[in-house]
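Under this note's numbering, think of the first position of the sequence shown as 57, with each following residue one higher.
Note that CB positions come from ideal geometry on N, CA and C, so glycine has one too.
Report on one structure; see the data block that follows.
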Amino acid sequence: MAMETKVEIHGREWKQEDIESEISWARFVIWKSAVFPKEGDHANCHICQWKIFKSDDAENGSGYVHREHIWLCNECYAKFIEVSP
Ligand SMILES: [Zn+2]
Numbered sequence: 057m058a059m060e061t062k063v064e065i066h067g068r069e070w071k072q073e074d075i076e077s078e079i080s081w082a083r084f085v086i087w088k089s090a091v092f093p094k095e096g097d098h099a100n101c102h103i104c105q106w107k108i109f110k111s112d113d114a115e116n117g118s119g120y121v122h123r124e125h126i127w128l129c130n131e132c133y134a135k136f137i138e139v140s141p
């Protein structure tokens with residue numbers, strides 16, 4: 057049985073196994089740092105569902121994007137992608 061690992065994202069606790077497949081996928085694709093461009097629209101982080109939208113607050117207003125429509129929040133990128141071997 058796999059050991060249960062907990063991770064905290066935006067102050068919320070997640071079981072790593074629940075997001076493991078999203079994390080593995082995200083490590084294989086190319087991300088670019090971006091500011092969310094569209095007023096009145098939003099995206100959700102591919103890993104934690106954090107809402108990303110046009111905002112001056114960098115935590116909500118920016119992240120990392122793949123093919124212009126799949127987003128990661130800054131926190132997931134820093135925690136799971138930047139650190140990947
Ligand atoms: Zn996230």
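Between residue i and residue j, which are expected to be in contact by the criterion C-beta below 8 Å, what is the C-beta distance as a whole number of angstroms?
{"i": "C101", "j": "W127", "result": "6 Å"}
{"i": "K110", "j": "G119", "result": "Contact doesn't hold; Cβ gap of about 12 Å is too wide."}
{"i": "A82", "j": "V121", "result": "Contact flag wrong, Cβ pair sits at about 12 Å."}
{"i": "I75", "j": "I103", "result": "5 Å"}
{"i": "H98", "j": "K88", "result": "Rounded, the Cβ-Cβ distance is 19 Å, inconsistent with contact."}
{"i": "E115", "j": "I65", "result": "That pair is no contact at about 12 Å."}
{"i": "Q60", "j": "E73", "result": "Just to set this straight, residue 60 is Glu in the shown sequence, not Gln. At roughly 7 Å, the Cβ-Cβ gap stays under 8 Å, so E60 and E73 are in contact."}
Can you tell me whether residue i is buried or exposed, with buried defined as 16 or more other CB within 10 angstroms of its CB?
{"i": "F136", "result": "buried"}
{"i": "F92", "result": "buried"}
For ligand 1, which residues have a Cβ under 5 Å from at least one heavy atom, in chain order? C101, I103, C104, W106, C129, C132
Run through the segment 66-91 for me and flag every whole alpha helix (DSSP H) of 4 or more residues, listed as ranges in chain order. 72-84, all fully within the segment 66-91.
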